[in-house]
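Using our numbering, read the sequence shown as starting at 21 and increasing by one per residue.
All C-beta atoms, glycine included, are put in the ideal place defined by N, C-alpha and C.
The structure appears below as structure tokens.
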Amino acid sequence: MINNKPFVITYYSASDKKTITRNALWTDKCRYWLSKSGRMLMTYFDIDADGYRTASDTWSIKLAIVNIAILLYGYVFLTILGVI
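Put into structure tokens, the structure is as follows:
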């Protein structure tokens, strides 16, 4: 992941018994790691809750794609194309 690059993460929360989707940011404190019991974990910064969270086992990540189009006459248009 790239530092300070926003993304959306979705995963199933066993404690909440539902699928969670969060706006997130990768920082220097974020990491991929294994728990002592061998579970895959990812710690990320939750933008909306303003704190760190950890997803476990399986998750999906969507990155925003930004297209900068430079047109004739020097105009620059910034458009959000979509999500991967």
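With at least 16 other beta carbons inside 10 angstroms of its own, Y64 counts as buried.
About 5 angstroms separates the beta carbon of R42 from that of D66, a gap short enough to meet the 8 angstroms contact definition.
In the structure shown, G71 adopts extended strand secondary structure according to DSSP, grouped into three states. The beta carbon of L54 sits closer than 8 angstroms to the beta carbons of M60, L61 from its chain, once the five residues preceding and following it are set aside; these are given in chain order. Within the segment 23–74, the complete beta strand (DSSP E) runs of at least 3 residues fall at 26–33, 38–45, 51–54, 60–66. Taking C-alpha positions only, N24 is separated from Y31 by approximately 21 angstroms. Between Y72 and K56 a beta carbon distance of about 19 angstroms is seen, past the 8 angstroms cut, so the two are scored as non-contacting.
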